[in-house]
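Beneath this line is the structure, given in structure tokens, with notes to follow.
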Amino acid sequence: MPDRDPATNADAISLRAAVRARYAAAASAVTTTHPTSAESALPVLDQAGCCGTECCGAPDPSQLVQNLYTVDDVAELPSAAVLASLGCGNPTALAQLSPGETVLDLGSGGGIDVLLSARRVGPTGFAYGLDMTDEMLALASRNAAESGVENVRFLKGEIEQVPLPDTSVDVVISNCVINLSTDKAKVLREAFRVLRPGGRFAVSDVVVQGELPALVRKSVELWAGCVAGALEEHTYRRLLAEAGFIDVEVEVTRVYEPGEAWAVDEGRLVSAFVRATRPAA
């Protein structure tokens, strides 16, 4: 299949359950261990996070700030929000948010990008986080309360069915989540639907430049680990265009060394900033 999504509904249900379980474990790892530093949380996040330390999962402790977020970004955030971040980029910086804007984070996890967005859009703006995992939603709400941030709301749901009205947000962000979806075309159509005319799509995601082996594509574990479900770059561009977006850009930010389980046949697995715009009219 050109979009590499599951062939059957049963496959999709199985993959979604695996993703939910993996991220529930990641949230529980942070919540139950009450870590006070990246070093103390790393052992559990290595197991629960997205493809471990080699992809969009728990990084080396020093890289939590250096590679994704600035010191200023995380200085006023709860440690649990930073430690629960399992992304592959910093979409809040990519989105170039302005005061007064409304932001939606698809797959908001522990809430780090929602909290950063809320800070950037200020009291006249608003930030929504959407997640399907109860444990992550509870952790995000706790982090928001600890931060004292009031212009946020966390919604339970799936990114293929966004529980917001048409043309209700200015910016859609996401951080290493769209690759986990079992219907990426629908996710992109939903992003287009909720964006206002002229609205921006600005996500960090894992992208394939080349081909992954068929056995990798069929692996539930590697799908939940942000590898098997990653779109080829040309497919990502095509699906965005088919959803109605214009000005599509894919900017590589990191190239991953292939592990034995997911070596790319001809090409590479990368993190990328993916940008697009809903036409103004």
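Be aware that the sequence shown starts at -1, since it is given in our numbering, and climbs by one per residue.
No residue lacks a Cβ here, since even glycine has one placed at the ideal position from N, Cα and C.
(request) Taking E281 as the reference, give the member of L113, T180, D103 with the closest Cα. (result) The question about residue 281 has no answer, for the chain in this structure spans -1 to 279.
(message) Using a 10 Å radius around the Cβ and a threshold of 16 neighbouring Cβ atoms, would you call S172 buried or exposed?
(response) Counting C-beta atoms within 10 angstroms of its own C-beta, S172 has 16 or more neighbours from the protein chains shown and is therefore classed as buried.
(message) G120 and P97 - do their beta-carbons sit closer together than 8 Å?
(response) Yes, the pair counts as a contact, with Cβ atoms nearer than the cut-off.
(request) For my contact list, A226 and L137 are in at a C-beta cut-off of 8 Å; report their separation, rounded to the angstrom. (result) Contact flag wrong, Cβ pair sits at about 26 Å.
(message) For A212, count the other beta carbons within 10 Å of its own beta carbon; 16 or more makes it buried, fewer makes it exposed. Which is it?
(response) With fewer than 16 Cβ atoms within 10 Å of its Cβ, A212 is classed as exposed.
(message) Is it the case that the segment 139 to 158 contacts the segment 120 to 129, given that we only count it when at least three CB pairs across the two stretches are under 8 Å?
(response) With the rule of 3 Cβ pairs closer than 8 Å, the segment 120 to 129 counts as touching the segment 139 to 158.
(request) Measure the CB-CB distance between G296 and L102 and report whether it falls below 8 Å. (result) Missing from the structure shown is residue 296; the chain here goes from -1 to 279 and no further.
(request) Would you kindly work out how many angstroms separate the C-alpha atoms of E219 and V201, rounded to a whole number? (result) Each residue's alpha carbon lies about 23 Å from the other.
(request) Using only alpha-carbon positions, find the residue among K182, R191, R187 that is nearest to T233. (result) Checked all of K182, R191, R187; the closest Cα to T233 is K182.
(request) Would you list the one or two residues that DSSP bridges to L104? (result) Under DSSP, L104 forms a beta bridge with L128, S172.
(message) With distance defined between alpha-carbon atoms, name the residue in F199, D71, L81 nearest to L186.
(response) Distances from the alpha-carbon of L186 to those of F199, D71, L81 put F199 closest.
(message) Which runs of the beta strand (DSSP E) at least 3 residues long sit entirely within the segment 214 to 265? Give them in chain order.
(response) As far as the segment 214 to 265 is concerned, its whole beta strand (DSSP E) runs of at least 3 residues are 244 to 254.
(request) Measure the Cβ-Cβ separation of A268 and V175 and say whether it is below 8 Å. (result) Note that residue 268 is Val in the sequence shown here, rather than Ala. Between V268 and V175, the gap from beta carbon to beta carbon reaches 8 Å or more.
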